[in-house]
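Residues in the sequence shown are numbered consecutively from 1, following this note's numbering.
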Amino acid sequence: MPPLDLARAGRLDFDVPDTEAFPCLRLAYRALEAERSLPVVLNAANEIAVARFLDGRIGFTSIAHVIERTMTAHTAVELHTLAIVRAVDEWARNHAAGVAGGLELKV
1 MPPLDLARAG RLDFDVPDTE AFPCLRLAYR ALEAERSLPV VLNAANEIAV
51 ARFLDGRIGF TSIAHVIERT MTAHTAVELH TLAIVRAVDE WARNHAAGVA
101 GGLELKV
């Protein structure tokens, strides 16, 4: 297919996103507004949840649940060093794995 040419695409209309239908978008906005370490937590929890989904271990709608529970359990900190970023990432991955473990599908 040829590259998309937005100048020739015609009219584009944008609506306010439906954050109820797309809960991960709501969580992303929350992380951006909170700043500090919450975006790191969101990213790490998302990677764990999506990996579990792709492995068939949790359902698709559980992805947002894992992320939200992990974000809620986290106490935000300032990210002054790479060591702090890594520690937050490790904590979030461990916490998300625990949350996801409680949601695993019975095969």
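Just so it is clear, CB atoms sit at the ideal spot from N, CA and C, and this is done for glycine as well.
Nearest-angstrom Cα distance between A83 and G10?
Translated into the one-based positions of the sequence shown, residue 83 becomes position 83. Translated into the one-based positions of the sequence shown, residue 10 becomes position 10. Their backbone Cα atoms lie some 48 Å apart in a straight line.
For I67, the first and last residue of its enclosing alpha helix (DSSP H)
As a first step, residue 67 is located in the sequence shown; it is residue number 67 there, counting from the start. Counting along the chain, the alpha helix (DSSP H) containing I67 begins and ends at S62 to A73.
What separation, rounded to the nearest whole angstrom, lies between the Cα atoms of V40 and G59?
Numbered from 1 along the sequence shown, position 40 holds the residue referred to as residue 40. Numbered from 1 along the sequence shown, position 59 holds the residue referred to as residue 59. About 23 Å.
Where does F14 sit, in a helix, a strand or coil, going by DSSP?
Translated into the one-based positions of the sequence shown, residue 14 becomes position 14. Correct three-state label for F14: coil.
Residue range of the alpha helix (DSSP H) that V88 falls in?
By 1-based counting over the sequence shown, the position of residue 88 is 88. Run containing V88: L82 to G101, per the alpha helix (DSSP H) assignment.
Nonlocal neighbours in the same chain, by C-beta distance under 7 Å from A76, ignoring five residues either side:
Counting from one through the sequence shown, the residue named residue 76 turns up at place 76. Hits under 7 Å: A34, R36, S37 and L38.
Measure the Cβ-Cβ separation of I48 and R93 and say whether it is below 9 Å.
Position 48 of the sequence shown, counted from the first residue, corresponds to residue 48. Position 93 of the sequence shown, counted from the first residue, corresponds to residue 93. Yes, the Cβ-Cβ distance between I48 and R93 is below 9 Å.
Taking only three categories from DSSP, how would you classify R57?
Here residue 57 corresponds to residue number 57 of the sequence shown, with the count starting at 1. DSSP places R57 in coil when its eight states are reduced to three.
What's the C-alpha gap between K106 and A44?
In the sequence shown, the residue the question calls residue 106 occupies position 106. In the sequence shown, the residue the question calls residue 44 occupies position 44. Distance between K106 and A44, taken at the CA atoms: about 24 Å.
If you run the structure through DSSP and keep just helix, strand and coil, what is R26?
The residue given as residue 26 occupies position 26 in the sequence shown. Correct three-state label for R26: helix.
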